[in-house]
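Notes follow the structure.
Number of protein chains: 2
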Amino acid sequence: MTNIRDLAREADVSVTTVSRVLNHHPYVADDKRKAVQDAIRKLGYIRNQTAVQLSTGQTKTIGVMLPYVDHPYHAAILQGIARCAFEEDYRFLTWQTNYVESHEQTVLQALAQREVDGLIIVSHSLAVEDILKYEQYGPIVFCEHHADVSAVYIDHYTAFQKGLAAFQSLGHTEIGICLGRPDSTNSLARKRAYQDTVACTPSEWIYEHSLTIEDGASIARHWLSQPRRPTALLTASDHVAAGIILELRKRGYRVPEDLAVIGFDGSDLAVVLNLTTVAVPYETIGREAFSIAISDTWRDHPQIEIPTTLLNGLTANPAVNER
Amino acid sequence: MTNIRDLAREADVSVTTVSRVLNHHPYVADDKRKAVQDAIRKLGYIRNQTAVQLSTGQTKTIGVMLPYVDHPYHAAILQGIARCAFEEDYRFLTWQTNYVESHEQTVLQALAQREVDGLIIVSHSLAVEDILKYEQYGPIVFCEHHADVSAVYIDHYTAFQKGLAAFQSLGHTEIGICLGRPDSTNSLARKRAYQDTVACTPSEWIYEHSLTIEDGASIARHWLSQPRRPTALLTASDHVAAGIILELRKRGYRVPEDLAVIGFDGSDLAVVLNLTTVAVPYETIGREAFSIAISDTWRDHPQIEIPTTLLNGLTANPAVNER
DNA sequence: ATAATCTGTGGAACGCGTTTCACGGCAAGG
DNA sequence: CCTTGCCGTGAAACGCGTTCCACAGATTAT
Numbered sequence: 001m002t003n004i005r006d007l008a009r010e011a012d013v014s015v016t017t018v019s020r021v022l023n024h025h026p027y028v029a030d031d032k033r034k035a036v037q038d039a040i041r042k043l044g045y046i047r048n049q050t051a052v053q054l055s056t057g058q059t060k061t062i063g064v065m066l067p068y069v070d071h072p073y074h075a076a077i078l079q080g081i082a083r084c085a086f087e088e089d090y091r092f093l094t095w096q097t098n099y100v101e102s103h104e105q106t107v108l109q110a111l112a113q114r115e116v117d118g119l120i121i122v123s124h125s126l127a128v129e130d131i132l133k134y135e136q137y138g139p140i141v142f143c144e145h146h147a148d149v150s151a152v153y154i155d156h157y158t159a160f161q162k163g164l165a166a167f168q169s170l171g172h173t174e175i176g177i178c179l180g181r182p183d184s185t186n187s188l189a190r191k192r193a194y195q196d197t198v199a200c201t202p203s204e205w206i207y208e209h210s211l212t213i214e215d216g217a218s219i220a221r222h223w224l225s226q227p228r229r230p231t232a233l234l235t236a237s238d239h240v241a242a243g244i245i246l247e248l249r250k251r252g253y254r255v256p257e258d259l260a261v262i263g264f265d266g267s268d269l270a271v272v273l274n275l276t277t278v279a280v281p282y283e284t285i286g287r288e289a290f291s292i293a294i295s296d297t298w299r300d301h302p303q304i305e306i307p308t309t310l311l312n313g314l315t316a317n318p319a320v321n322e323r
Numbered sequence: 001m002t003n004i005r006d007l008a009r010e011a012d013v014s015v016t017t018v019s020r021v022l023n024h025h026p027y028v029a030d031d032k033r034k035a036v037q038d039a040i041r042k043l044g045y046i047r048n049q050t051a052v053q054l055s056t057g058q059t060k061t062i063g064v065m066l067p068y069v070d071h072p073y074h075a076a077i078l079q080g081i082a083r084c085a086f087e088e089d090y091r092f093l094t095w096q097t098n099y100v101e102s103h104e105q106t107v108l109q110a111l112a113q114r115e116v117d118g119l120i121i122v123s124h125s126l127a128v129e130d131i132l133k134y135e136q137y138g139p140i141v142f143c144e145h146h147a148d149v150s151a152v153y154i155d156h157y158t159a160f161q162k163g164l165a166a167f168q169s170l171g172h173t174e175i176g177i178c179l180g181r182p183d184s185t186n187s188l189a190r191k192r193a194y195q196d197t198v199a200c201t202p203s204e205w206i207y208e209h210s211l212t213i214e215d216g217a218s219i220a221r222h223w224l225s226q227p228r229r230p231t232a233l234l235t236a237s238d239h240v241a242a243g244i245i246l247e248l249r250k251r252g253y254r255v256p257e258d259l260a261v262i263g264f265d266g267s268d269l270a271v272v273l274n275l276t277t278v279a280v281p282y283e284t285i286g287r288e289a290f291s292i293a294i295s296d297t298w299r300d301h302p303q304i305e306i307p308t309t310l311l312n313g314l315t316a317n318p319a320v321n322e323r
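This is the structure:
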């Protein structure tokens, strides 16, 4: 592999000059620049990025910690990160943690070992304090709200309130909710919104551990088996909502007449199902998190809230959907 | 930042010995090993991975080129790669290309610049010959079938045949198909299977550019507008199938009575929709591709075909689904 | 005319871990 | 007793691009 010293010899200049040409530094005479460029072509030189990284102390790479790469909601954030990274000529390394703490530790270690310049934490199970110990090694940006950290997030409390209020304005009082991991920051905020907004909130109407379409289908079966059922269900994701709706329809029940459903995410599934949903601009979250991670602003622990919107489909509203 | 020379000074040994301790080399006396370990603790030493990479000439990182990180089918492959990478203590860099050739070029460049040790190409639009020029810089593994390359793939021809045969055994003769990018290797194989297996294959029954749920919905609307319609439709993905089914049901049509549908992928959407589908073990594809990329076997251009299976739901079979 | 800048260039140090080579000591094999 | 061979250790080179510093010549400002 030819290196810049070979180039310098070939072009009869110093390595400094070669480096200048490579980095488009202005203080190079035209003839020497040309000599170097000829040498590059002649010897087929290709820059060794690793050497650049060691030299500059920057990897131009951001790490992304997320539980599952193939969950639609995480993938959407990843999409935003991917777009922004490409534009900024950065790379990103993804670690799938499955919420296993030792795996999350590996990711933090990678930041300390300077494999990445910064970290975007999409979701995590380690304690925030433990994660923040690694902030001495570089920026850490969360995609969830926590005090005293850099974060880009949606307000799950008000987002859930929007869904609940929509049900209430349609006259629903027997409202249930679905949650993902019951103790996550997001779920706790959602549960608070539920308990603050709705009068009747029995624990049998809080359906936990719902993430996938199939979880939705099993929630539907569970709902069918309940002696006392809510008439409306605010779900944790459009996928869960879709599972519920499809399972109920398969069994001859009607949505929203028998059970009104509101989704969460604003995915294309929602559009096709005519699902009322709380739309979340996940790509924006990814983009914003990335910008913070590569700028100096992270030191101020910026907190950027991304607004959500209620998209009206027909699954929340019996009156409209009647035919 | 403390480095191994600081450690050597502190522990009063040579850098060689420090390096030995760090890498668990056996030829180190117990007392010196302990001295080094004490120094590491005392100075809070953390290895600089970039320096290791430059020194060893290996990044322990694999690059992944794919068009979209958030498409379920690609994400599933990514999942396999992520799992395998973690187990092997490798990292992976993802590039989202959107099938833009200049972006794909960037990825190849990264291999040449030694940012990654190897490349997994999930899907691409550059010509294979052009991609293979970069094989001199490291392993390139495709997730699609091409001659004379390392590849892990499914046989789209026989996979499509399975779906078409299922329709035919139910008595269908008016069969249509959906394709993604019409000129991709996969689509061409699928179209060949269609034309070889089915007697009547008018071009109006080949629905191209279908990737998402919403594409499915618009195919359904298009189907409704056609004077002569197929009675069965083999789709390019479960998402497309879902879009078709949901749109048709929304408009009062029945699946499979009015239109029998078979999906592709074997996703959880298929399970919930009771969709007959050609199941593809995407995670396995990712895993296998990764193993090839990090082993020496890639030089022999191994070709690994992963088998598909037809999963029977009820959307292909009017008789069973009648109630 | 003189001081202060700006251009252009090269030598050498720097970032930092790995690895080759040489060498001394010691034990086992012949 | 001598030769291998294994241990244990360190100096120095290596991988390779960036950058600080010194210096010379050319301008521009005072």
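Residue numbers (UniProt numbering), protein chains in the order written: chain A, 1 to 323; chain L, 1 to 323. All C-beta atoms, glycine included, are put in the ideal place defined by N, C-alpha and C.
{"query": "Same chain, Cβ closer than 8 Å to L/THR61, five either side skipped, listed in chain order", "result": "TYR90, ARG91, PHE92, LEU93, GLU115, VAL116 and ASP117"}
{"query": "For L/ALA165 and A/ILE292, the rounded distance between their alpha carbons", "result": "53 Å"}
{"query": "Cβ separation of A/ASP70 and A/LEU43, assumed to be a contact under 8 Å, to the nearest whole Å", "result": "Their Cβ separation, rounded to whole angstroms, is 44 Å, which puts A/ASP70 and A/LEU43 out of contact at 8 Å."}
{"query": "Where the stretch 110-135 of chain A meets chain L: residues whose CB sits under 8 Å from a CB there", "result": "ALA110, ALA112, GLN113, ARG114 and GLU115"}
{"query": "Contact belief for L/VAL28 with L/ARG20 at Cβ below 8 Å, rounded distance in angstroms", "result": "5 Å"}
{"query": "Exposed unless 16 or more other CB atoms sit within 10 angstroms - verdict on L/SER267", "result": "buried"}
{"query": "Proximal chain L residues relative to A/GLU247, where beta-carbon distance stays under 7 Å", "result": "VAL272"}
{"query": "Reduced DSSP secondary structure (H/G/I, E/B, other) of L/ALA147", "result": "coil"}
{"query": "Residue-chain proximity (A/THR59, chain L), Cβ-Cβ < 8 Å", "result": "yes"}
{"query": "Chain-ordered residues of the stretch 82-96 of chain A with a beta carbon less than 8 Å from chain L", "result": "ALA82, ARG83, PHE86, ARG91, PHE92, LEU93, THR94, TRP95 and GLN96"}
{"query": "Collapsed DSSP secondary structure at L/LEU233 in the structure displayed", "result": "strand"}
{"query": "Exposure of L/ASN48, with buried meaning 16 or more beta-carbon neighbours within 10 Å", "result": "buried"}
{"query": "Uninterrupted alpha helix (DSSP H) stretches inside the stretch 80-157 of chain L (no shorter than 4 residues)", "result": "101-112 and 128-132"}
{"query": "Status (buried if at least 16 other CB within 10 Å, exposed otherwise) for L/PRO307", "result": "exposed"}
{"query": "Chain L contacts made by the UniProt domain \"HTH lacI-type\" (2-56) of chain A, where a contact means CB separation under 8 Å", "result": "ILE46, ARG47, ASN48, GLN49, THR50, ALA51, GLN53 and LEU54"}
{"query": "Inter-residue spacing [alpha-carbon to alpha-carbon] between A/LEU248 and A/LEU259", "result": "9 Å"}
{"query": "CA-to-CA distance, A/ALA147 to L/GLU305, given in whole angstroms", "result": "50 Å"}
{"query": "Separation of A/HIS25 from A/LYS32, as counted between CA atoms", "result": "13 Å"}
{"query": "Chain L contact residues for A/TRP258, given Cβ-Cβ distances below 8 Å", "result": "It is worth fixing the name first, because residue 258 of chain A is Asp in this sequence and not Trp. Simply none; closest approach about 17 Å."}
{"query": "Interface residues of the stretch 185-219 of chain A facing chain L [CB-CB below 9 Å]", "result": "THR212, ILE213, GLU214, GLY216 and ALA217"}
{"query": "Where A/GLY163 falls: helix, strand or coil (DSSP)", "result": "helix"}
{"query": "Member of L/GLU283, L/ASP296 and L/GLY313 whose CA lies at the smallest distance from the CA of L/THR73", "result": "The question names Thr, yet the displayed sequence has Tyr at residue 73 of chain L. It is L/GLU283."}
{"query": "Closest residue to A/TRP265 among A/SER14, A/ALA8 and A/THR277 (Cα-Cα distance)", "result": "In the sequence as presented, Trp is not what sits at residue 265 of chain A; that position holds Asp. Closest option to A/ASP265, Cα to Cα, is A/THR277."}
{"query": "Contact with chain L by A/GLY171, beta-carbon distance below 8 Å", "result": "no"}
{"query": "Amino acids of chain L, ordered along the chain, whose beta-carbon sits closer than 7 Å to that of A/ALA75", "result": "VAL69, ASP70 and ALA75"}
{"query": "Inside the stretch 201-281 of chain L only - alpha helix (DSSP H) runs reaching at least 4 residues", "result": "213-225, 238-250 and 268-273"}
{"query": "CB contact below 8 Å: A/LYS250 versus chain L", "result": "yes"}
{"query": "In DSSP terms, what L/THR61 is bridged to", "result": "L/ARG91"}
{"query": "Secondary structure of L/ILE304, DSSP reduced to three states", "result": "strand"}
{"query": "Beta bridge counterpart(s) of L/LEU66 as assigned by DSSP", "result": "L/GLN96"}
{"query": "CB contact below 8 Å: L/LEU164 versus chain A", "result": "no"}
{"query": "Beta-carbon neighbours of A/GLY138, restricted to chain L and to distances below 7 Å", "result": "Within chain L, no residue comes near A/GLY138; the closest Cβ sits about 12 Å away, beyond 7 Å."}
{"query": "DSSP three-state assignment for L/ILE294, whether helix, strand or coil", "result": "helix"}
{"query": "Rounded straight-line distance, which links the Cα of L/ASP38 to that of L/SER14", "result": "15 Å"}
{"query": "Span of the alpha helix (DSSP H), counted from its first residue to its last, around L/ILE40", "result": "30-43"}
{"query": "Burial state of L/MET65, where buried means 16 or more other Cβ atoms lie within 10 Å", "result": "buried"}
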